[in-house]
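In order, the protein sequences belong to chains A and B. First residue of the first sequence: 1, per our numbering; consecutive thereafter. First residue of the second sequence: 391, per our numbering; consecutive thereafter. Just so you know, even glycine gets a beta-carbon here, dropped at the ideal spot from N, CA and C. Have a look at the structure below before the remarks.
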Amino acid sequence: MAEIRINRLSKRFADGTLAVSNADFTIHDGEFFILVGPSGCGKSTLLNMLVGLEDVSEGEIRLDGRIINAVDPKDRNMAMVFQSYALYPHMSVRENLAFPLKLAKLPRAEIARRVNEAAGILELDGLLERKPRALSGGQRQRVAMGRAIVRHPAVFLLDEPLSNLDARLRTQMRSEIARIQKRLGTTTVYVTHDQTEALTLGDRVAIMREGAIQQIGTPRDLYRQPRNLFVAGFIGSPAMNFLPATLDGDRLRLPMVELKPPADARLARSGKPMSLIAGIRPEHFTFARAGDMPQTSSANFRAHIEAVEWSGAELYAHFNVGRLSADMVRSLDHELGLDLPKGAGSRTIARLDPDTPVAAGDTLGLSLDAGRLHLFDAETGANLALTDAK
Amino acid sequence: MERLFWRAGTLIVIGYALLPVAWILSLSLKPAAELNEQRFFPRTLSLEHYRAIFTDSQFPAALWNSLGIALLATLLAVSLAMFAAYAIVRLEFAGKRWILAGALSIAMFPPIAVIGPLFNLWRTTGLFDTWAGLILPYMTFTLPLAIWTLSAFFRDIPWDLDRAARVDGASAWQALRYVIVPLAAPGVFTTAILVFIFAWNDFLFASALTSTNNARTVPAAIAFFTGSSRFELPTGSIAAASVVVTIPIIIMVLVFQRRIVTGLTAGAVKG
Numbered sequence: 001m002a003e004i005r006i007n008r009l010s011k012r013f014a015d016g017t018l019a020v021s022n023a024d025f026t027i028h029d030g031e032f033f034i035l036v037g038p039s040g041c042g043k044s045t046l047l048n049m050l051v052g053l054e055d056v057s058e059g060e061i062r063l064d065g066r067i068i069n070a071v072d073p074k075d076r077n078m079a080m081v082f083q084s085y086a087l088y089p090h091m092s093v094r095e096n097l098a099f100p101l102k103l104a105k106l107p108r109a110e111i112a113r114r115v116n117e118a119a120g121i122l123e124l125d126g127l128l129e130r131k132p133r134a135l136s137g138g139q140r141q142r143v144a145m146g147r148a149i150v151r152h153p154a155v156f157l158l159d160e161p162l163s164n165l166d167a168r169l170r171t172q173m174r175s176e177i178a179r180i181q182k183r184l185g186t187t188t189v190y191v192t193h194d195q196t197e198a199l200t201l202g203d204r205v206a207i208m209r210e211g212a213i214q215q216i217g218t219p220r221d222l223y224r225q226p227r228n229l230f231v232a233g234f235i236g237s238p239a240m241n242f243l244p245a246t247l248d249g250d251r252l253r254l255p256m257v258e259l260k261p262p263a264d265a266r267l268a269r270s271g272k273p274m275s276l277i278a279g280i281r282p283e284h285f286t287f288a289r290a291g292d293m294p295q296t297s298s299a300n301f302r303a304h305i306e307a308v309e310w311s312g313a314e315l316y317a318h319f320n321v322g323r324l325s326a327d328m329v330r331s332l333d334h335e336l337g338l339d340l341p342k343g344a345g346s347r348t349i350a351r352l353d354p355d356t357p358v359a360a361g362d363t364l365g366l367s368l369d370a371g372r373l374h375l376f377d378a379e380t381g382a383n384l385a386l387t388d389a390k
Numbered sequence: 391m392e393r394l395f396w397r398a399g400t401l402i403v404i405g406y407a408l409l410p411v412a413w414i415l416s417l418s419l420k421p422a423a424e425l426n427e428q429r430f431f432p433r434t435l436s437l438e439h440y441r442a443i444f445t446d447s448q449f450p451a452a453l454w455n456s457l458g459i460a461l462l463a464t465l466l467a468v469s470l471a472m473f474a475a476y477a478i479v480r481l482e483f484a485g486k487r488w489i490l491a492g493a494l495s496i497a498m499f500p501p502i503a504v505i506g507p508l509f510n511l512w513r514t515t516g517l518f519d520t521w522a523g524l525i526l527p528y529m530t531f532t533l534p535l536a537i538w539t540l541s542a543f544f545r546d547i548p549w550d551l552d553r554a555a556r557v558d559g560a561s562a563w564q565a566l567r568y569v570i571v572p573l574a575a576p577g578v579f580t581t582a583i584l585v586f587i588f589a590w591n592d593f594l595f596a597s598a599l600t601s602t603n604n605a606r607t608v609p610a611a612i613a614f615f616t617g618s619s620r621f622e623l624p625t626g627s628i629a630a631a632s633v634v635v636t637i638p639i640i641i642m643v644l645v646f647q648r649r650i651v652t653g654l655t656a657g658a659v660k661g
């Protein structure tokens, strides 16, 4: 039973860098909460402040209403899984699991019971007498998890727990972590740089960038209604496509089509044309056979396909639409760190049905679902459909 | 074929290194009359030289001095170096590089160059022919050695473990006691052995800065052995003393080698 209230929390390091700035949110009891962002965005620093390994510069952290800013890590009743696992190499698996319980001065029988219970949950039964160096990566990961759950802590904190595993094990451990968390119902804060982990695991996700929280919401919210260019580009794989767009009166001009702007976009409809960035996810393109009638909210166009990626279940077609303006390159650079070459064409990816008859070099009729178009301010990167809704 | 080559090579090297030792052992066990017989294996075994060096007052005193001075120098050097190495590895502070560079340059400085001034200095300050008078100069080479080896060892300790222990409910002291110390111990013991051997074997400072049984160590004392007459070389006694003086080193290494488990930290972090 634990609710974490983070109140205007900031961290400034001795050298002046602002690692976390003004974070303000609540993690509910029993929630699986994810902190996600590119490396160096301050997510690990925030986690370390929660557990007490890093001092708080400003603001407060409340655990069930009690301010814990100055509480020693050992007294916070939080368990942490480190990216490096941080197993004690001179202790066997059993001793590793028992270590937090010994420190808590539990009776010996209770320690044995809890260690066996944790070993059962994590399927470590046969490994209890081994030393960490005799374990595989996945087994070490389980031991690290086990050491966290034996204590029945108020909160689990996981710092990129899967990033040292190979792809197959990562998927397997991911569902295992989700299963364990659901079973124990413990409030969990999970730090990762992998948006897939964030979407699949999280009840709610907070996206961080350069120390500032960009958006907090359910994975669906973040995917469907990204608040700004950064969130839009970070969530989703392959990433959202960004195209230069011009709003001129009642027409929205994209490099390949002209549309009516979406009704919900609150746009300043002044007389002169306005430059925007339009975003569209790869799955919102569809293959349009010649002669098909355009659907009401779609726009058809023809694209010269440059590359095709076929992976069995899906097919990705790459094509170029016009050139990016210097302004847009600068804006995308800043928002997404894309590092585009000057004058680059905008490489667009469409996710199509795997049976679509297409090869590199073909010209293909595509249709774009205009209802799914996002419009971003070219200067601030804010999603224009959402600016007032926030 | 290759194994044979390596085995033969190993045997040659060991033989080359141990032959003089075996020769000294053989000399120390020969009775005085047979010392000049040029045979490798003594015809009759006798412990008379060992009896002789231990009945003389000089050698037991030197042995005591050697043990005390080398142990104290080791203890001081290793405990000071532990703090220094910890700071160098864990903390960010100005002049960190200079401490390491300074330690190295002191170790490279030829000790013979300071013997003269040190002799005069020690005479005036009263440190001449005392334990402290030897321990202090020993620190000039044991401390840099200890700082360098210890910082190399400390650098390999996964310090995430310290944080993990704190989150697991350990106080700062318990984290040190249960997690860091067991991991640092092999490095500390290895360093201690190295430092002890250096201090134990020193001849230069010991012969120049001592004059009596007050502080003269074994390597220096052996040089002052005299025969029973002015026409006799104390070969037998020297050999016996040399054998005795190597025994503590052998014991040290045998006792501690079990604790120098390399690769102890393997498996702590990553996969």
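Point to revise | Collapsed DSSP secondary structure at A/ASN320 in the structure displayed | key: It is a strand residue.
**Study point:** Spatial distance of A/PHE433 from A/LEU229 (CA atoms)
**Key:** For chain A, the structure presents residues 1 to 390; residue 433 of chain A sits outside this window and is missing.
Exercise for review: Counting only the same chain and skipping the five closest in sequence on each side, list residues whose C-beta sits under 6 Å from that of B/ALA497.
Suggested key: Closer than 6 Å at the Cβ level, and outside the excluded window around B/ALA497, lie PHE531, PRO534.
Point to revise | Neighbour flag for B/ASP546 against chain A, beta carbons, 8 Å | key: Output row for B/ASP546: interface = no.
**Study point:** Per DSSP, the bridge partner or partners of A/ASN228
**Key:** For A/ASN228, the beta-bridge partners assigned by DSSP are A/ALA382.
**Study point:** One or two residues paired with A/LYS102 in a DSSP bridge
**Key:** Looking at the DSSP output, A/LYS102 shares a beta bridge with no other residue.
Practice item. Look up A/MET78 in the DSSP assignment and say whether it is helix, strand or coil. Key: Of the three classes helix, strand and coil, the one that applies to A/MET78 here is strand, per DSSP.
Point to revise | Contacts that A/LEU53 makes with chain B (C-beta to C-beta distance below 9 Å) | key: Neighbours of A/LEU53 on chain B, chain order: ARG553, ARG556, VAL557.
Check your understanding: Would A/GLY322 be called buried (16 or more neighbouring beta carbons within 10 Å of its own) or exposed?
Key -> So A/GLY322 counts as exposed.
Exercise for review: For A/THR45, count neighbouring C-beta atoms within 10 Å of its own C-beta (all shown protein chains included) and say buried if the count is 16 or more, exposed if not.
Suggested key: Under this definition A/THR45 is a buried residue.
Practice item. Using a Cβ cut-off of 8 Å (strictly closer), state whether A/ALA86 contacts chain B. Key: Contact with chain B is found for A/ALA86, since one of that chain's Cβ atoms lies less than 8 Å from the residue's Cβ.
Check your understanding: Leaving out five residues before and five after A/TYR223 in sequence, what residues of the same chain have Cβ atoms less than 8 Å from its Cβ?
Key -> Beyond the five residues adjoining it in sequence on each side, A/TYR223 comes within less than 8 Å, by CB distance, of LEU199, ILE235, GLY236 in the same chain, given in chain order.
Review point. For the putative contact between A/ARG76 and A/ASN7, defined by C-beta atoms under 8 Å, what is the C-beta separation to the nearest angstrom?
Key: In fact, because the Cβ distance is near 16 Å, the residues do not count as touching under 8 Å.
Check your understanding: In three-state DSSP terms, what is A/TYR190?
Key -> In the three-state DSSP reduction, A/TYR190 falls in the strand class (E or B).
Point to revise | Length of the line joining the Cα atoms of B/SER547 and B/LEU573 | key: Just to set this straight, residue 547 of chain B is Ile in the shown sequence, not Ser. Cα to Cα, the separation comes out at about 7 Å.
Practice item. Give the interface partners of A/ALA415 over in chain B, defined as CB-CB distance under 8 Å, in chain order. Key: This structure does not reach residue 415 of chain A, given that chain A is present from 1 up to 390, and the question cannot be answered.
Point to revise | B/VAL479 at chain A interface by Cβ criterion, 8 Å | key: Cβ-Cβ to chain A under 8 Å: no for B/VAL479.
Practice item. Could you list which residues in chain A have their beta carbon closer than 8 Å to that of B/VAL608, in chain order? Key: Neighbourhood of B/VAL608 in chain A, by CB distance below 8 Å: empty, with the nearest CB roughly 37 Å away.
**Study point:** First through last residue of the beta strand (DSSP E) which encompasses A/LEU128
**Key:** Unbroken run through A/LEU128: none, as it is neither H nor E.
**Study point:** Within chain A, partners of B/VAL569 - CB distance below 7 Å
**Key:** Within chain A, the residues near B/VAL569 are TYR88.
Exercise for review: Express the C-alpha separation of A/SER84 and A/ALA112 in angstroms, rounding to a whole number.
Suggested key: A/ALA112 and A/SER84 have their C-alpha atoms some 26 Å from each other.
Check your understanding: Taking the C-alpha atoms as reference points, what is the distance between B/GLU392 and B/PRO432?
Key -> About 37 Å.
Exercise for review: Could you check if A/PRO244 is buried or exposed, using at least 16 other CB atoms within 10 Å of its CB as the buried criterion?
Suggested key: Burial state of A/PRO244 is buried, judged by a 10 Å Cβ sphere holding 16 or more other Cβ atoms.
Practice item. Using a Cβ cut-off of 8 Å (strictly closer), state whether A/LYS74 contacts chain B. Key: It does; some Cβ of chain B falls within 8 Å.
Check your understanding: Between A/GLU95 and B/SER561, what straight-line distance do the alpha-carbon atoms span, to the nearest angstrom?
Key -> Each residue's alpha carbon lies about 18 Å from the other.
**Study point:** First through last residue of the beta strand (DSSP E) which encompasses B/PRO576
**Key:** No beta strand (DSSP E) holds B/PRO576; the alpha helix (DSSP H) holding it covers 571–591.
Review point. Is B/ILE612 near the ligand FAD, with its Cβ less than 7 Å from a heavy atom?
Key: The ligand FAD is not part of this structure, which contains no ligands at all.
**Study point:** Option nearest A/PRO273 by Cα separation, candidates A/LEU103, A/ILE207, A/ALA2, A/ASP248
**Key:** Looking at the Cα atoms, A/ASP248 is the closest of the given residues.
Check your understanding: Rounded to a whole number of angstroms, what is the C-alpha to C-alpha distance between A/LYS390 and A/ARG5?
Key -> Legend: pLDDT at A/LYS390 = 37, less than 50; position of this residue unreliable, no value from coordinates given.
Exercise for review: May I have the straight-line CA-CA distance separating A/LEU106 from A/ARG151, to the nearest angstrom?
Suggested key: Looking at the backbone, the Cα of A/LEU106 and that of A/ARG151 are separated by about 10 Å.
Practice item. Can you check the stretch 460–502 of chain B for any alpha helix (DSSP H) of at least 4 residues that lies completely inside it and give the ranges in chain order? Key: Within the stretch 460–502 of chain B, the complete alpha helix (DSSP H) runs of at least 4 residues are 486–498.
Practice item. Within the same chain, show all residues whose beta-carbon is closer than 8 Å to that of A/GLU31, passing over the 5 residues directly before and after it, in chain order. Key: So the list reads THR187, THR188, ASP203, ARG204, once near-sequence residues are dropped.
Review point. For the beta strand (DSSP E) that contains A/VAL20, what are its first and last residues?
Key: 18–27 is the extent of the beta strand (DSSP E) around A/VAL20.
Point to revise | Reduced DSSP category for B/PHE615 - H, G, I as helix; E, B as strand; rest coil | key: Assignment of B/PHE615 by DSSP, reduced to helix, strand and coil, places it in the coil class.
Check your understanding: Run through DSSP, which three-state label would B/SER541 get?
Key -> If DSSP states are grouped into helix, strand and coil, B/SER541 belongs with the helices.
Review point. Beta-carbon of A/ARG147 versus every beta-carbon of chain B: anything under 8 Å?
Key: Look at A/ARG147: its C-beta is under 8 Å from a C-beta on chain B.
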